[in-house]
Amino acid sequence: MQIEPVQPKHMEIRRLENTETPPYELLLLADPSLVLVDKYLKEGECFLCEMDGEIIGVFVLLMLNPETVEIKNIAVREAMQGKGIGKQLVKEAIRIAEEIGYRKIEIGTGNSSLNQLALYQKCGFRIVEIIHDFFTFHYKEEILENGMVCRDMIRLRIELAS
Ligand code: COA
Numbered sequence: 000m001q002i003e004p005v006q007p008k009h010m011e012i013r014r015l016e017n018t019e020t021p022p023y024e025l026l027l028l029a030d031p032s033l034v035l036v037d038k039y040l041k042e043g044e045c046f047l048c049e050m051d052g053e054i055i056g057v058f059v060l061l062m063l064n065p066e067t068v069e070i071k072n073i074a075v076r077e078a079m080q081g082k083g084i085g086k087q088l089v090k091e092a093i094r095i096a097e098e099i100g101y102r103k104i105e106i107g108t109g110n111s112s113l114n115q116l117a118l119y120q121k122c123g124f125r126i127v128e129i130i131h132d133f134f135t136f137h138y139k140e141e142i143l144e145n146g147m148v149c150r151d152m153i154r155l156r157i158e159l160a161s
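In numbering that gives the first Met the number 0, the protein residues as written are 0 to 161.
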């Protein structure tokens with residue numbers, strides 16, 4: 000009997016085309032506010048991660064000022080989480096920011112987002128600021144995570160060599 004060789008999965012990260020619908024089910028995993036998601040989709044640039052033609056991840060980059068870009072949203076499909084894809088997306092976002100010539104890349108997350116805080120720090124981000132009550136002020140519904148209320152935004156940054 001002949002055994003079929005297992006084909007390596009093909010993963011690609013590319014820009015969302017103007018003609019494509021953004022992957023809202025993924026974007027809303029990272030940010031429950033459709034209003035905010037739509038706002039930064041309009042102003043920023045959305046990147047998709049496809050595996051064998053299926054969208055499994057997303058991130059959005061938004062210029063804050065000519066020196067600084069922010070990862071406004073990053074998400075991996077639930078069934079595919081914990082396999083290193085999120086880390087690859089963060090690293091690709093950093094690479095793109097460096098290639099464009101930004102001097103800083105930032106990301107904001109919740110005080111209760113413990114896994115995300117671990118991921119970003121493992122990718123080189125350092126905590127630079129806390130915006131107290133950001134989530135309680137800007138989001139109608141209370142966000143509960145890891146048994147905690149998500150209240151404050153923790154801002155992290157990498158100073159890029161350029
Ligand atoms: N302590 C220490 N390290 C932790 C950790 C913890 N509690 N939780 C995660 N990590 C580490 C993992 O060990 C891994 O690092 P390693 O490769 O050095 O071991 C890394 O963080 C995460 O790995 P990865 O598998 O690449 O993450 P992922 O594919 O699950 O993607 C998210 C991460 C956050 C994008 C994904 O979980 C997701 O889509 N979540 C929902 C949306 C979301 O919350 N987005 C972010 C909003 S701020």
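Ideal Cβ positions, reconstructed from N, Cα and C, are used throughout, including at glycine.
Being a predicted model, the structure only gives us computed values, none of them experimental.
Residue i to residue j span [Cα, whole Å]
i, j, result
"S111", "N145", "6 angstroms"
"E141", "L116", "20 angstroms"
"A74", "C45", "12 angstroms"
"L40", "V59", "7 angstroms"
"L27", "A160", "32 angstroms"
"P21", "K121", "28 angstroms"
"A71", "H9", "What sits at residue 71 in the sequence shown is Lys, not Ala. Approximately 26 angstroms, taken between the alpha carbons."
"A29", "Y138", "13 angstroms"
"D151", "E69", "18 angstroms"
"E91", "K82", "16 angstroms"
"G43", "L61", "4 angstroms"
"P65", "I93", "16 angstroms"
Chain D contact for residue i (CB, 8 angstroms cutoff)
i, result
"L60", "Annotation note: the requested chain D is absent from the structure, which comprises a single protein chain."
Span of the alpha helix (DSSP H), counted from its first residue to its last, around residue i
i, result
"N145", "Counting along the chain, N145 falls outside any alpha helix (DSSP H), and DSSP gives it neither H nor E."
"G85", "84–99"
"E24", "23–29"
Per-residue burial, residue i [other beta carbons within 10 Å of its own, 16 or more giving buried]
i, result
"L63", "exposed"
"T18", "exposed"
"T135", "exposed"
"I106", "buried"
Bridge partners - residue i, DSSP secondary structure assignment
i, result
"F133", "For F133, which the question treats as bridged, DSSP gives no partner whatsoever."
"F46", "R14, F58"
"R154", "G107, E128"
"E53", "M50"
Boundaries (first-last residue) of the beta strand (DSSP E) holding residue i
i, result
"K71", "67–75"
beta-carbon residue i near ligand 3 non-hydrogen atom, thresh 7 angstroms
i, result
"I70", "Of the ligands one can find in the structure shown, namely ligand 1, none is ligand 3."
Task: Closer than 6 angstroms to ligand 1: residues, by C-beta to nearest heavy atom, in chain order - done: L28, A29, I73, A74, V75, Q80, G81, K82, G83, I84, G85, K86, T108, S112, L113, N114, Q115, A117, L118, K121
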